[in-house]
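What follows is one structure encoded as structure tokens, with my remarks underneath.
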Amino acid sequence: MTDELLVVRAQLGERDAFAGLVREWHEPVHAFVRRMLGPGAADDVAQEVWLAVVRGLPRLKDPARFAPWLFSIARRAVTNRLRAEYARPAAPGPGPEPDIGDAVVDRALVAAGLAGVPVLERELLILFYLQDLSLETCAEICGVPVGTVKSRLSRGRRLLRTSLAQKGHHA
Amino acid sequence: MNADDMLHRLAAPLSPARRLVTVVTLLGGLGGATVAGTLWATEPALPPATQAAFAAMVAIGLGWCGWAVWVLTRRTPLFARDRVVAGWLGLAASSLLAAFVTAVTISRDRLAPAALGMAAVLLAAALINLIRARSHRAALLRRKRELGGPR
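Protein chains in written order, with numbering that gives the first Met the number 0: chain Z, 0 to 170; chain E, 0 to 150.
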């Protein structure tokens, strides 16, 4: 059953469809929150996210865009917890934009080195490499142009390599 | 925490009974305020203490009504099926209110344009709300069929 169908059924008031959405998307949301905030706050923030979903789902205009909408809510919840870190100015860009298609990044390595990457780059590394969301969807979730997503991903990979090197990995 | 734990935590905001109680509170508050307001408006020469009591009853009714509106818009918005049920309840309650207000004004032979106007507005709003709720649900049901959803 597609997400859109589950969302439409949930909007109609079918509780088993809402349960289906939670079963399908809880782990990705929890993983995103956990990787952004650490395991300590992950349960409570994930609950905040799902409460916001319950409140907002009846008004969701485009059920086909459930995933970006869900991650926008998750990002907002994370932003509220990391307001100080998000307020820091972004580091200067790395120069020419990279070709994302050529970038081969090991998912396990990304997960291992994320803690050492600043939040603006970390959230995109998680969304793009670990949640397999498209550049356009990442841009929609973060509210920035696709070009900014590309440059942040490039900078994120560089910072990730540095972080992994410090931990003794070879990326 | 796994998905089932999360569903357990969400049981209260997802409870249909909670939504129904909130809708009934909304209608009860609105109905109570309208009834008290109608009696107040159609009763001649009330002493100040009685007028104050009617004013308090109207305020309490509107207070409950405001709380329920806040809950339904901010805390637990209604799903399509809930909206249709709430729409029918609203239409039934506003019809009863309109009948009550009309009966009171006829029996006391004292015209209360504000109360009659309020009852008419509530009846019209309830009817429009029900039509919109049914149309929204019908659109979602159509989309569900297009997507091959179960009947």
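Idealized CB from N, CA, C, for every residue including glycine.
Original post:
Is there a Cβ from chain Z that is less than 7 angstroms from the Cβ of R80 (chain E)?
Top reply: Yes, R80 (chain E) counts as interfacial toward chain Z.
**OP:** Compare the C-beta of G94 (chain Z) with all C-beta atoms of chain E and state if any pair is closer than 7 angstroms.
**Re:** Residue placement at G94 (chain Z) cannot be trusted, given a pLDDT of 46 that sits under 50; what the coordinates show is reported in the next sentence. Not an interface residue.
Original post:
Name the chain E residues whose beta carbon is nearer than 7 angstroms to that of Q10 (chain Z)?
Top reply: F78, A79, L139, listed in chain order.
Original post:
Helix, strand or coil: how does DSSP classify K166 (chain Z) here?
Top reply: Note: K166 (chain Z) maps to helix in three-state DSSP.
**OP:** Evaluate contact between the region 101-120 of chain E and the region 39-48 of chain Z, counting only Cβ atoms and requiring at least three cross-stretch pairs below 8 angstroms.
**Re:** Under the 8 angstroms Cβ criterion, the region 101-120 of chain E does not count as touching the region 39-48 of chain Z, having fewer than three qualifying pairs.
Subject >> T1 (chain Z), DSSP secondary structure in three states >> reply: Per DSSP, reduced to three states, the secondary structure at T1 (chain Z) is coil, with no helix or strand assignment.
Original post:
Start and end of the alpha helix (DSSP H) containing N79 (chain Z)?
Top reply: Unbroken alpha helix (DSSP H) run through N79 (chain Z): 65-80.
Original post:
In three-state DSSP terms, what is P15 (chain E)?
Top reply: Three-state result, P15 (chain E): helix.
Original post:
Cα separation between A103 (chain E) and S14 (chain E)?
Top reply: Correcting the residue identity first, residue 103 (chain E) is Val in this sequence and not Ala. Spanning the two alpha carbons is a distance of roughly 38 angstroms.
**OP:** Pull up the distance between the alpha-carbon of I125 (chain Z) and that of R8 (chain Z), whole angstroms please.
**Re:** Between the C-alpha atoms of I125 (chain Z) and R8 (chain Z) there is a straight-line separation of about 29 angstroms.
**OP:** Just the chain Z side, please: which residues come within less than 7 angstroms of R8 (chain E) by C-beta, in chain order?
**Re:** Scanning chain Z for C-beta atoms nearer than 7 angstroms to the C-beta of R8 (chain E) yields Q46, reported in chain order.
**OP:** Name the residue from Z:L59, Z:P38, Z:M35 whose alpha carbon lies nearest to the alpha carbon of L11 (chain Z).
**Re:** The shortest C-alpha separation from L11 (chain Z) is found at Z:L59.
Original post:
Going by alpha carbons, who is nearest to A118 (chain E) out of E:R150, E:D81, E:G89?
Top reply: Relative to the Cα of A118 (chain E), the nearest Cα in the group E:R150, E:D81, E:G89 belongs to E:G89.
Original post:
Is it buried or exposed for G94 (chain Z), if we count other Cβ within 10 angstroms and need 16 for buried?
Top reply: Reliability of the predicted coordinates at G94 (chain Z) is poor, the pLDDT of 46 falling under 50, and the value obtained from them is presented with this limitation in mind. Exposed, because fewer than 16 other Cβ atoms sit within 10 Å of the Cβ of G94 (chain Z).
Subject >> Neighbourhood of E120 (chain Z) by C-beta distance below 7 angstroms, restricted to the same chain and skipping five residues each side >> reply: Sequence-distant Cβ neighbours of E120 (chain Z) in its own chain, meaning closer than 7 angstroms and more than five residues away, are R151, R154, G155, L158.
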